[in-house]
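Beneath this line is the structure, given in C-alpha cells, with notes to follow.
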Amino acid sequence: MSQYRLEQRRILDGAIPGPRSQELAARRATALPNGVASSSPFYAADADGGVIRDVDGNQFLDFATGIGVTTVGASHPKVVAAIQEAASHFTHTSINVTPYEGYIALAEKLNAITPGDHAKKTVFFNSGAEAVENAIKISRYVTGRDAIVVFDHAFHGRTNLTMGLTAKNMPYKDGFGPFAPEIYRIQTSYPYRDPEGFTGAQAAERAIAQVEGQVGGKNVAAIIIEPLQGEGGFIVPAEGYLGALADYAKQNGALFVSDEIQAGMSRTGEWFCVDHEGVVPDLVTVAKGVGGGMPISAVVGRAEVLDQVHAGGVGGTYAGNPVACASALATIAVMEDEGLQATARAFGDRFFATFEALRDELGDGIVGDVRGRGAMLAIEFIEAGTGSGAKTPNPAAAKAIASAAIAEGAVFLTAGTFGNVIRLLPPLTMPDELFDEGLGILADLIRKQV
Ligand SMILES: *Cc1c(COP(=O)(O)O)cnc(C)c1O
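Residues 1 to 450 in our numbering are what the sequence shown spells out, letter by letter.
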C-alpha cells in the first residue's frame with residue numbers, strides 16, 4: 001500500500017549511533033543540561049507509520065511512539081494536512097481572548113466519546129501534568145475538601161503537585177521537594193504481586209480500608225487513578241477493582257478521576273481504558289495520544305461539576321491551541337475511519353500468543369508476567385528461578401534487552417517501579433508484518449538473556 005511515505009522496513013547502515021547522530025550528541029553535550037535524558041542514542045530525521053528514520057539513514061521499528069503519543073503514526077497525511085490548514089489561517093489567538101471553532105468542535109467530540117451518556121464538558125490544557133493539576137483543582141473546588149487519594153506505582157507528571165501524586169522517587173522526585181500536602185498513597189491492585197487469586201473486590205476492600213484509616217471518606221476530594229498504570233509498569237488491575245473504587249467515591253461524595261493520559265484514546269482497544277469494565281468516571285484526563293503529536297491535554301467531565309468553577313478559574317495562554325485542536329480532530333477521525341481500536345486488540349492478541357508461549361517455553365525463567373490491554377503491552381522480568389517465590393525484579397534484563405533492541409533496529413521502552421518492565425506502545429498504523437517482526441526481535445533477545 002502506498003499510504004506511507006517511508007518504506008516500512010528496518011534499515012541498519014553501519015554503526016549505531018552513526019556519524020551524524022554522534023555529531024549531534026557532541027553538540028547536545030554542550031547545549032543541553034544532563035537532566036534531559038533520551039533513551040535512544042540516534043537522532044530522528046523522519047518518522048512515518050511504524051518506522052523512525054535517523055539522521056544517518058537507519059530505520060528503526062517504533063514500539064515507543066514518543067511515549068504513547070503518535071498512536072496514528074508520527075506523520076499521518078490527514079493529521080499533517082489538518083495542521084497545515086489550521087496553521088495557514090492562524091497559529092494562536094488564545095481561547096481567553098478570541099475564541100475559535102476548533103476548541104468547541106474538539107470539546108464536543110471528547111464529550112461524545114468519553115465514558116457515560118450524561119452531560120459533559122471539556123477544558124483544554126497543554127500537557128498531561130497540567131490536565132491532572134486542573135482535575136485536582138476542580139475536585140477540591142467543587143467538593144470543598146482537600147484530600148487526594150493516589151496509588152502505589154502511580155505516575156501523574158513532573159510539576160510540583162503531580163510529582164507529589166507520582167509514586168517513584170528516582171528520577172521523578174529525588175531532591176525536588178517539598179511536595180504538596182494532603183496526598184494519601186494507597187496500595188493498588190497488582191495481580192502479579194498480590195496474593196494468588198486475590199480478586200479486584202478484595203484489592204478494593206484493602207484500598208478502601210487504607211483510605212478510611214488514613215483519611216476518612218468524607219474528607220476525600222478525589223480518587224485519581226490510572227486505569228492501567230503506565231510508567232509504573234503497565235499494571236492491569238484485577239477486574240472489578242476500578243468499579244469498586246468508583247462506587248466508593250460516589251458513596252462518599254468524592255470525585256473519581258480516571259487518568260487516561262497514557263491508556264486512553266484507543267490505545268487499549270477502546271476509546272478509554274475504563275470502557276473495558278463499563279466504569280464511568282466523574283472526570284477523565286486526556287493527553288498523549290489525543291493530539292497526534294501536538295501538545296494538547298484535556299479534562300473532560302460531568303457538566304455540573306465543571307460548570308461550578310468561576311470564569312477564569314481554569315485555562316492558560318496556549319491551552320487548546322487551534323493548530324493542536326485541528327490535529328486532535330484529525331487524529332480522532334483517523335482512529336475512527338481506520339478502525340484502529342480493532343487493530344489495537346489484534347496487536348494485543350498476537351503479543352499474548354507470542355509471549356505467553358515464550359514464558360512457558362522458558363519455564364521458571366526471566367519472563368515473570370506478560371500483561372496489558374490492546375496495544376498497551378508489557379513483559380515484567382524477574383530473576384530466573386524466583387517465579388514461584390520472591391519474583392525478584394530483574395531490571396538488568398529489561399535494560400539489556402531494550403539496548404540490544406536498538407542495535408537490532410527496534411525501539412522499546414522500559415518501565416516499572418523496579419525498572420524491570422519492557423513496554424510496547426506501537427503506532428496502530430504500523431503494518432502487521434513490522435509488528436510481528438518487532439515481536440520476533442524481542443522474543444529472540446529474551447531467549448539470549450536466559
Ligand atoms: C505521561 C503521563 C502524565 C504526564 O503527562 P505530561 O504530558 O508528560 O505532563 C500524566 N499521567 C499519566 C498517566 C501519564 O502517562
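Glycine residues also receive a C-beta, built at the ideal position from the N, C-alpha and C atoms.
Being a predicted model, the structure only gives us computed values, none of them experimental.
Review point. With contact counted as at least three CB pairs below 8 Å, one residue from each stretch, are the segment 354 to 366 and the segment 314 to 331 in contact?
Key: No, they do not touch.
How is the beta strand (DSSP E) around methionine 376 delimited, first residue to last? Counted as a single uninterrupted DSSP element, the beta strand (DSSP E) harbouring methionine 376 occupies residues 376 to 381.
Could you tell me the boundaries of the beta strand (DSSP E) in which leucine 439 lies? Taken as a continuous stretch (DSSP letters only), leucine 439 belongs to no beta strand (DSSP E), being part of the alpha helix (DSSP H) at 432 to 449.
Next item on the list: Select from Ile224, Gly264, Leu425 the residue whose C-alpha is nearest the C-alpha of phenylalanine 412.
Entry: Closest in alpha carbon position to phenylalanine 412, among Ile224, Gly264, Leu425, is Leu425.
Next on the checklist: Starting from phenylalanine 256, trace the beta strand (DSSP E) in both directions and tell me its first and last residue.
Outcome noted: DSSP places phenylalanine 256 in the uninterrupted beta strand (DSSP E) bounded by 255 to 259.
- Close-in-space but distant-in-sequence residues of the same chain around methionine 1 (CB under 7 Å, 5 per side omitted): For methionine 1, the predicted model reports a pLDDT of 48, less than 50, meaning its position is unreliable and no value from the coordinates is stated.
Checklist line | Buried versus exposed, by CB contacts within 10 Å (16 or more), lysine 218 | finding: Result: exposed.
| task | Less than 8 Å between the CB atoms is what I'm expecting for alanine 375 and phenylalanine 347, so what's the real figure, rounded? | result | Contact check for alanine 375 and phenylalanine 347: beta-carbon distance about 4 Å, within the 8 Å limit, so the pair qualifies.
- Query: Just the Cα atoms here: how many angstroms apart are arginine 140 and aspartate 174?
  - Reply: Straight-line spacing of the CA atoms in arginine 140 and aspartate 174 works out to 27 Å.
May I ask which residues mark the beginning and end of the alpha helix (DSSP H) holding phenylalanine 347? Run containing phenylalanine 347: 340 to 362, per the alpha helix (DSSP H) assignment.
Point to revise | Supposed close pair valine 284, glutamate 260 - CB separation, criterion 8 Å | key: Confirmed, Cβ separation roughly 5 Å.
Legend entry - Straight-line Cα distance separating alanine 311 from glycine 144: Cα to Cα, the separation comes out at about 18 Å.
How would you write the range of the beta strand (DSSP E) that glycine 368 sits in, first residue to last? Segment 367 to 373, the beta strand (DSSP E) holding glycine 368.
- prompt: What does DSSP give as the partner residues of threonine 414 in its beta bridges?
  reply: Partner residues in the beta bridge of threonine 414, as assigned by DSSP, are Ile422.
Q) So, is histidine 89 buried or exposed, given that buried needs 16 or more other C-beta atoms within 10 angstroms? A) Per the 10 Å Cβ criterion, exposed.
| request: Can you give me the start and stop residues for the alpha helix (DSSP H) that serine 403 sits inside? | output: That run of the alpha helix (DSSP H) goes 395 to 408.
Please report the straight-line C-alpha distance between isoleucine 83 and asparagine 58, rounded to a whole angstrom.
If you take the alpha carbons of isoleucine 83 and asparagine 58, they lie about 27 Å apart.
- Opening and closing residue of the beta strand (DSSP E) in which aspartate 247 lies: Under the DSSP assignment, aspartate 247 falls outside any beta strand (DSSP E), being part of the alpha helix (DSSP H) whose first and last residues are 241 to 251.
Item to complete: Could you tell me which residues DSSP pairs with alanine 298 in its beta bridges?
Response: Per the DSSP secondary-structure output, alanine 298 pairs in a beta bridge with Phe124, Val286.
Worksheet item: From proline 322 to alanine 112, what does the alpha carbon distance come to, in whole angstroms?
Response: For the pair proline 322 and alanine 112, the Cα-to-Cα distance works out to about 20 Å.
Look at the Cβ atom of valine 370, then the Cβ atom of glutamate 356, and state whether they are nearer than 8 Å. Taking 8 Å as the cut-off, the Cβ atoms of valine 370 and glutamate 356 count as close.
Problem set entry | Close Cβ partners of alanine 167 (< 8 Å) along its chain, the five nearest in sequence each way excluded | Counting only Cβ-Cβ distances below 8 Å, and skipping sequence neighbours, we find Val150, Phe151, Asp152, His153, Ala154, Phe155, Arg185, Gly232, Thr417.
- Buried versus exposed call for alanine 26 [16 or more other C-beta atoms within 10 Å across all chains shown]: The residue is exposed, with fewer than 16 neighbouring Cβ atoms inside 10 Å.
- Give the secondary structure of leucine 24 by DSSP, where H, G and I count as helix, E and B as strand, and everything else as coil. Looking at leucine 24 - three-state DSSP - the assignment turns out to be helix.
Looking at ligand 1, does it come within less than 7 Å of histidine 156, judged from the CB to the closest heavy atom?
The answer is yes for histidine 156.
| Is the beta carbon of alanine 319 less than 8 Å from the beta carbon of asparagine 126? | Going by beta carbons, alanine 319 and asparagine 126 fall inside the 8 Å limit.
inquiry  = Below 7 Å, is the gap between the Cβ of valine 290 and the nearest heavy atom of ligand 1?
reply    = No, the beta carbon of valine 290 sits no closer than 7 Å to any heavy atom of ligand 1.
Check: Since valine 274 and serine 258 are thought to touch, with beta carbons under 8 Å apart, how far apart are those beta carbons, to the nearest angstrom?
Finding: Valine 274 to serine 258, Cβ: 5 Å. Contact.
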